[in-house]
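The block underneath contains the structure these notes are about, expressed in structure tokens.
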Amino acid sequence: MTNEAKKRLLDAVNACEAIAEFVAGKDFPAYESDRLLRSAVERQFEIIGEALNKAGAVETSLAVQVPEFHRIIGLRNRLIHGYDNVDDEILWDVVQSKLGPLKAQVDAVLRAAGEMSR
107 MTNEAKKRLL
117 DAVNACEAIA
127 EFVAGKDFPA
137 YESDRLLRSA
147 VERQFEIIGE
157 ALNKAGAVET
167 SLAVQVPEFH
177 RIIGLRNRLI
187 HGYDNVDDEI
197 LWDVVQSKLG
207 PLKAQVDAVL
217 RAAGEMSR
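Numbering-wise, the sequence shown is residues 107 to 224 according to the numbering used here.
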């Protein structure tokens, strides 16, 4: 794996960790009512999607190794281009159900490439 791809994957892992830190101890009503928190989570998903997109441009096998690869990039695109129509419930569900598995998958790819995320 190229150093560029590794760097981008580490960026994605760091953004996953940031989201987990931001939402720790929060529930959906707290998330929905906190404009700063929503903005921070959205930004980190933008970073994850862009990092995966750039990593995938140089390591095409990532789309197979990370099952949600294309969906996360699509989420990033929706956040960027549909900024005025973000569904907080959907994004919260992604945080609760997809973030942990995504981080684990990217960590596994990095381990296989001989790079530890932490």
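We put the beta carbon where it would ideally sit given N, CA and C, even for glycine.
* **Counted within 10 angstroms of its Cβ, other Cβ atoms place D133 as buried (16 or more) or exposed** => By the 10 Å Cβ count, D133 comes out exposed.
* To do: Give the straight-line distance between the Cα atoms of V215 and Q171, rounded to the nearest whole angstrom.
  => Rounded to whole angstroms, V215 and Q171 show a C-alpha spacing of 7 Å.
* To do: Go through its chain and collect everything with a Cβ distance to E110's Cβ below 7 Å, but skip five positions before and after it.
  => Within the same chain, E110 has close Cβ partners V164.
* V192 in three-state terms, based on DSSP -> It is coil, neither helix nor strand.
* Kindly list the residues whose CB is nearer than 6 Å to the CB of D117, restricted to its own chain and excluding five residues on each side of it in sequence; keep chain order. => Cβ within range, chain order: A157.
* On the three-state DSSP scale, how would you describe A219? -> Residue state, collapsed to three classes: coil.
* Asked: Given a threshold of 16 other Cβ atoms within 10 Å of its Cβ, counted over all protein chains shown, does D213 qualify as buried or as exposed?
  -> Classification for D213: buried.
* Asked: What's the gap between the Cα of F273 and the Cα of D140?
  -> Absent from the structure is residue 273, since the part of the chain shown begins at 107 and ends at 224.
* Asked: For E174, which of helix, strand or coil comes out of DSSP?
  -> When DSSP states are grouped into helix, strand and coil, E174 belongs to the coil group.
* To do: Could you give the DSSP three-state label for R156: helix, strand or coil?
  => According to the sequence as given, residue 156 is Glu; it is not Arg. Reduced to three states, the DSSP call for E156 is helix.
* Got a sec? Which residues, its chain only, sit under 7 Å from R144 by beta carbon, not counting five neighbours each side? -> If you ignore the 5 residues before and after R144, its C-beta comes within less than 7 Å of the C-beta of Y137 and D194, all in its own chain and listed in chain order.
* Asked: Is the beta carbon of E152 less than 8 Å from the beta carbon of I186?
  -> In contact: E152 and I186 (Cβ atoms closer than 8 Å).
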